[in-house]
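Okay, structure first, notes after.
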Amino acid sequence: MRKDYSMGLGKVSLLLLAGVLATSSGACGKSICSLGNVKACDNVNVLISPRLSKVISDFVGHGLYKFRGHTYTVHEVLIGNLGGVPRDRIDLNGDSVFLACHYHECDFRAGVSFDTNNRIDSAFMYVPADSSEDWKNPEYKLLIYRKKEAPLSEADIKNLVSQDLKRSDIVPVKMSVSVYNVD
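Under mature numbering (1 follows the signal peptide of the UniProt record, and there is no 0), the residues of the sequence shown are numbered -29 to -1, 1 to 154, in order.
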């Protein structure tokens, strides 16, 4: 008498589905990157979405930024730069910090930091000053938007920015800093 060892198509499909669900639900030990779990994100590009755009807009408000005769919202500049070439996530003082530069003009850069509850507590952009023409030794503007209780201090952000620029062989001859408190 011959035994039937086949499982049948229904059982095979069920096993395949269970494997897919186990893999996608984090059962393999890897958390899923999202705005609700930024610690699982390697860089800011995976977070770029209309939702992040709204969160940043709500955080920085509707301020304007003028550069070489053009006017932009601060939010537009931040999102435009964060959507560019990313750096790996940096964990500093409990925050998850993400840096990136504009795709076609990498001297325009931005950063955003999230607290342990996945809320933005600082956003910043560092861009050449209007008068800067020398891309190797330019003058830079650093605009910081931060909550008063944010773990990253102005000095921490300035240090991150300086290190990031140095990695790209950009050494500003001068950096003006403006800090805006967000509540």
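No residue lacks a Cβ here, since even glycine has one placed at the ideal position from N, Cα and C.
Please state if the CB of Met96 and the CB of Leu123 are separated by a distance shorter than 8 Å. no
So who's on the other strand from Tyr97, going by DSSP bridges? Tyr97 is bridged to Arg80, Leu113.
Between the region 73 to 80 and the region 51 to 59, can you find at least three pairs of beta-carbon atoms closer than 8 Å? yes
Assuming Thr44 contacts Gly34 under a Cβ cut-off of 8 Å, what Cβ separation, rounded to an integer in Å, is found between them? 7 Å
Beta-bridge partners of Asn8, as assigned by DSSP: Ser5
Taking 8 Å as the cut-off, decide whether the C-beta atoms of Lys9 and Leu23 are in contact. Position check: residue 9 holds Val in this sequence, whereas Lys was assumed. Not in contact: Val9 and Leu23 (Cβ atoms no closer than 8 Å).
Start-end ranges of the beta strand (DSSP E) lying completely within the region 8 to 54, minimum 3 residues: 35 to 38, 41 to 44
When burial is assigned at 16 or more other CB atoms within 10 Å of the CB, is His46 buried or exposed? Within 10 angstroms of the beta-carbon of His46 lie 16 or more other beta-carbons, which makes it buried.
Using three-state DSSP, classify Asp59 as helix, strand or coil. coil
Spatial neighbours of Gly7 within its chain, please: CB distance less than 6 Å, with the 5 preceding and 5 following residues excluded, ordered by chain position. Asn89
Of the residues Asp86, Val26, Pro109, Cys12, which one's Cα is nearest the Cα of Asp59? Comparing Cα positions, the closest option is Cys12.
Within the same chain, show all residues whose beta-carbon is closer than 8 Å to that of Pro109, passing over the 5 residues directly before and after it, in chain order. Asp78, Pro99, Ala100, Ser103, Ile141, Pro143, Val144
Apart from the five residues just before and just after Ser28, which ones in its own chain have a Cβ nearer than 6 Å to its Cβ? The answer, listed in chain order, is His46.
Pairwise C-alpha distance: Ala71 and Asn16: 8 Å
Between Lys118 and Phe38, what straight-line distance do the alpha-carbon atoms span, to the nearest angstrom? 25 Å
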